[in-house]
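Asks: Each residue of the sequence shown is one higher than the one before, counting from 1 in UniProt numbering. The C-beta atom is built at its ideal place from N, Cα and C for all residues, glycine as well. Source: prediction; values computed, not measured.
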Amino acid sequence: MDLEHLYEFAVLAESKNFSEAAEKLFISQSALSKHIKSLEQELGVPLFNRENRSATLNEYGQLLLPHALKISEIRYACLTDFHNKLNNINGAINICFEYPIFNLLASFEKENPNITIHVRHVPPHEMVEQLRSGKCELAFLYEKEEQKDLTSVFYRQDSLVAVLPNSHPLANQTSISLEQLKGENFIMLSQRAKEYAIAIEACQKAGFEPKIALSGCIGRDVVRFVKEEVGVSIMIKSFALQHQLDGVKFVDIISSTPVLCLYIYYRKNVQLSPCAKHLLDYINAKTIQNELIK
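Now the structure itself:
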């Protein structure tokens, strides 16, 4: 049984889409389809329910999945150990992002000490040009940009949370509706931040205009003002978790909250460096690990 085919199976199981999985794996869609068919022939059963380009696991795929996940994890760990020992993947990656992804990058660097990551916090409207000019090799963006010369790969979904002081009546809830914050004083990021517009739109969809007590703050200052009970806030969950502070609770906002999708972009007709490919391989390994073992 080909280990690469099992890894590709796991990526397809997470992506549920042949085109998207092929982009993550840096192979053609026809090659991926051929490899999956080879795996199915070897096992003697179909593994997916297919409809156009989409693919969802059937009962046999579900049976194979936990084994494929274990093998994919071992595969990545083995490759990483050999790369580090042989020092055959080393150098630097230039990355730009709209919101911090420090946890991801920190864990990657711990496992790959021979790779240096240079990060730039870039406004969304500048990212495409940063990529095209070669100033960054990978970009993480909360938008689906249809650009013929760029490839986009889905990374993760994100949602909004309410940022509340411990003393707030809703602070001990596991989740709340946005309507429950109507009438509160809001602490907001800069109006230039995408998150500001997302928060305003979410409140409007919930049927009210937020009463803004302070705006123009950076993330950690928003949380500090909330701790001092100046008001409450709304943040993207992954961004909020970068600014955890005693005395402040992050509470999920249910159902009506817009779901945000974070994509990884790179140039379509320019070969990625071995370091960048290894980072994407790492992201694939972690994604299928986190999303499918639930």
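Can you grab the Cα-Cα spacing for the pair K286 / A10, in whole Å?
Replies: One C-alpha to the other measures close to 11 Å.
Asks: Does the beta-carbon of Q130 have 16 or more other beta-carbons within 10 angstroms, so that it is buried, or is it exposed?
Replies: It is buried - the Cβ of Q130 has at least 16 other Cβ atoms within 10 Å.
Asks: Could you pull the DSSP bridge partners for H118 from this structure?
Replies: For H118, which the question treats as bridged, DSSP gives the partners N94.
Asks: Mark C78 as exposed unless 16 or more other C-beta atoms lie within 10 angstroms of its C-beta, in which case mark it buried.
Replies: Classification for C78: exposed.
Asks: In whole angstroms, give me the CA-to-CA distance for I293 and E14.
Replies: Because I293 carries a pLDDT of 49, less than 50, the predicted location of this residue cannot be relied on, and the following value inherits that uncertainty. I293 and E14: Cα-Cα distance of roughly 10 Å.
Asks: Hey, how far is the Cα of E111 from the Cα of Q180?
Replies: Distance between the alpha carbons of E111 and Q180 is about 43 Å.
Asks: Taking 8 Å as the cut-off, decide whether the C-beta atoms of V223 and H243 are in contact.
Replies: For V223 and H243, yes; Cβs fall inside 8 Å.
Asks: According to DSSP, simplified to helix, strand and coil, what is M188?
Replies: Looking at M188 - three-state DSSP - the assignment turns out to be strand.
Asks: Can you find the residues in the same chain that come closer than 6 Å, C-beta to C-beta, to H83, ignoring five residues on each side of it along the sequence?
Replies: Excluding residues within five positions, the ones whose Cβ falls inside 6 Å are I89.
Asks: Look at the Cβ atom of F208, then the Cβ atom of K182, and state whether they are nearer than 8 Å.
Replies: Going by C-beta atoms, F208 is nearer than 8 Å to K182.
Asks: Would you mind working out which of F26, A21, C136, N87 sits nearest T56, comparing C-alpha positions?
Replies: Of the listed residues, the one whose Cα sits closest to T56 is A21.
Asks: Since I176 and I253 are thought to touch, with beta carbons under 8 Å apart, how far apart are those beta carbons, to the nearest angstrom?
Replies: Rounded, the Cβ-Cβ distance is 6 Å, consistent with contact.
Asks: The alpha helix (DSSP H) with K205 in it runs from where to where?
Replies: First-last of the alpha helix (DSSP H) with K205: 194 to 205.
Asks: Buried or exposed: which applies to E51, given that a residue is buried once 16 or more other Cβ atoms fall within 10 Å of its Cβ?
Replies: Looking at its Cβ environment, which holds fewer than 16 other Cβ atoms inside 10 Å, E51 is exposed.
Asks: Would the beta-carbon of K227 fall within 8 Å of that of L241?
Replies: Result no, Cβ atoms of K227 and L241 do not sit closer than 8 Å.
Asks: Indicate the three-state DSSP secondary structure (helix, strand or coil) for A171 in the structure shown.
Replies: A171: coil per DSSP, three-state reduction.
Asks: Using 8 Å as the limit for Cβ to Cβ distance, is Q41 near chain C?
Replies: No chain C appears in the structure shown, which is made up of a single protein chain.
Asks: Could you compute how far the alpha carbon of A197 sits from the alpha carbon of I212?
Replies: So the two alpha carbons sit approximately 13 Å from each other.
Asks: Between which two residues does the beta strand (DSSP E) harbouring Y142 extend?
Replies: Element bounds for Y142: n/a, residue is neither H nor E.
Asks: Could you give the residue range of the alpha helix (DSSP H) that holds K34?
Replies: Start and end: 29 to 43.
Asks: Would H121 be called buried (16 or more neighbouring beta carbons within 10 Å of its own) or exposed?
Replies: When all chains shown are included, H121 counts as exposed.
Asks: What's the C-alpha gap between N49 and N58?
Replies: Between N49 and N58, the C-alpha separation is close to 6 Å.
Asks: For C136 and F154, what's the separation of their Cα atoms in angstroms?
Replies: The straight-line gap from Cα to Cα measures roughly 18 Å.
Asks: Which value, in whole angstroms, describes the spacing of the CA atoms of K70 and S190?
Replies: Computed Cα separation, rounded: 44 Å.
Asks: So, with DSSP's three-state summary, where would you put L262?
Replies: L262 falls in the strand class under three-state DSSP.
Asks: Taking the beta carbon of H5 as the centre, do at least 16 other beta carbons fall within 10 Å, making it buried, or is it exposed?
Replies: H5 comes out buried.
Asks: Pick out whichever of F102, I264, P46 has its Cα sitting closest to the Cα of Q62.
Replies: The residue with the shortest Cα to Cα distance from Q62 is P46.
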